[in-house]
Amino acid sequence: MPEEVGGQFLSPFFAHVVSTERDTVRFRGLEGGEGTVPRSVASSRTISAAVVKKVGHVSPCRQPVMVTTSTQFLHSQVTRVNVDGVTVESDGTEVEAAFDNVKEVAPVVALLLQKVVFEKSVWSSGEVSELHVTILNRVLGREGCIATRDVSDILDGLIEEECFPEGQSDCAWIDPKSGQNTQFELQHAVDFAYYIDGKGDRGHEMVGRSFCVPPYDDGIDTGENQGSEAHEGPLITDDEC
Numbered sequence: 001m002p003e004e005v006g007g008q009f010l011s012p013f014f015a016h017v018v019s020t021e022r023d024t025v026r027f028r029g030l031e032g033g034e035g036t037v038p039r040s041v042a043s044s045r046t047i048s049a050a051v052v053k054k055v056g057h058v059s060p061c062r063q064p065v066m067v068t069t070s071t072q073f074l075h076s077q078v079t080r081v082n083v084d085g086v087t088v089e090s091d092g093t094e095v096e097a098a099f100d101n102v103k104e105v106a107p108v109v110a111l112l113l114q115k116v117v118f119e120k121s122v123w124s125s126g127e128v129s130e131l132h133v134t135i136l137n138r139v140l141g142r143e144g145c146i147a148t149r150d151v152s153d154i155l156d157g158l159i160e161e162e163c164f165p166e167g168q169s170d171c172a173w174i175d176p177k178s179g180q181n182t183q184f185e186l187q188h189a190v191d192f193a194y195y196i197d198g199k200g201d202r203g204h205e206m207v208g209r210s211f212c213v214p215p216y217d218d219g220i221d222t223g224e225n226q227g228s229e230a231h232e233g234p235l236i237t238d239d240e241c
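Note that the UniProt record's numbering gives residue 68 to position 68 of the sequence shown, counting from 1, and the numbers run on in steps of one.
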C-alpha cells in the first residue's frame with residue numbers, strides 16, 4: 001500500500017519482488033517505481049499473478065468504479081480486492097462483484113452518482129456509460145460544453161431532478177494515497193475536477209491536494225486506515241506474471 005512505502009505512490013499498486021534480505025523485501029512496481037518494505041508487510045500483501053492477469057497491471061483497490069449487479073448499476077469505491085473480484089460499499093452495505101462487472105470511472109462521476117439508483121430494467125450499461133461521458137464533458141468543458149461547477153447544471157436532463165445531490169452533501173472516501181478515511185463536501189470533488197482536470201489550475205486555492213482532501217483539511221484521519229486486506233497489497237511473488 002502507498003502508506004507503507006513512503007508515500008511515493010499515489011494509490012495501491014502491483015509490484016514484483018526484486019530481492020529479499022533478512023528483514024526487508026525490495027520491489028519494483030509494474031507501472032514504475034521501486035522501494036523496500038519489511039518482510040512481514042510483503043508477506044501480508046502477497047497476491048497471485050492470476051489476479052493481476054485478470055485486472056491488468058493497475059490495481060483496482062481504492063479506485064472509483066461502476067459495478068454491475070444482477071439488478072442495478074452502482075457507483076462507489078473499491079475497498080477490497082481478492083482472487084474472485086472486488087468489494088465495494090454501497091449505502092452502508094458491502095457488495096461483492098466479479099472483475100468483469102467492474103468498470104473504473106472518474107472520481108467526480110462516482111461521487112455525483114453514488115446515491116443514484118440505476119435499475120437495469122430502466123437503464124442499459126451503454127446508457128449509463130454515455131451519462132458518464134456527458135458529466136465529464138460538462139465539468140471539463142469538452143465537446144462544445146461550457147465548463148460548469150454547478151451540480152444542477154452538470155446533471156440537468158440526465159437524471160430526475162429529485163435525484164440531484166446537493167453540492168454541500170457530505171461524502172466519505174478512502175484516500176487512495178494515505179489509506180485514511182476522509183470526509184468532504186461533494187462540491188469540493190467537483191471543484192477539483194473543474195480546476196485541475198479542466199483548467200489545469202493546480203495553484204487554485206479551492207482545490208487542495210486531492211479530490212477527497214479539501215484545502216482546509218490537513219489530512220487528519222477520521223478513522224482507521226481502510227482497504228488493507230491481504231489481497232489488496234502491492235507485491236506479487238508468482239513468477240508467472
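C-beta: ideal position from N, C-alpha, C; glycine also.
Segment contact: the region 90-99 against the region 131-139, fewer than three CB-CB distances shorter than 8 Å; contact not assigned. Secondary structure at residue 148: coil, using DSSP grouped into helix, strand and coil.
Nearest in C-alpha terms to residue 25, of all of 34, 80, 33 and 42, is 42.
With contacts defined by Cβ atoms closer than 7 Å, residue 55 and residue 65 do not form a contacting pair. A Cβ-Cβ contact shorter than 7 Å links residue 182 with residue 213. For the 7 Å CB-CB criterion, residue 72 and residue 104 do not form a contact. Residue 185 has 170 as its beta-bridge partners, per DSSP. Here residue 180 is buried. Its C-beta has 16 or more other C-beta atoms within 10 Å. Around the C-beta of residue 68, 16 or more other C-beta atoms lie within 10 Å, and the residue is accordingly described as buried. Distance between residue 156 and residue 28, taken at the CA atoms: about 45 Å.
Between the alpha carbons of residue 147 and residue 20 lies a distance of about 50 Å. With at least 16 other beta carbons inside 10 angstroms of its own, residue 114 counts as buried.
Counted as a single uninterrupted DSSP element, the stretch harbouring residue 62 is not any beta strand (DSSP E), since DSSP gives it neither H nor E.
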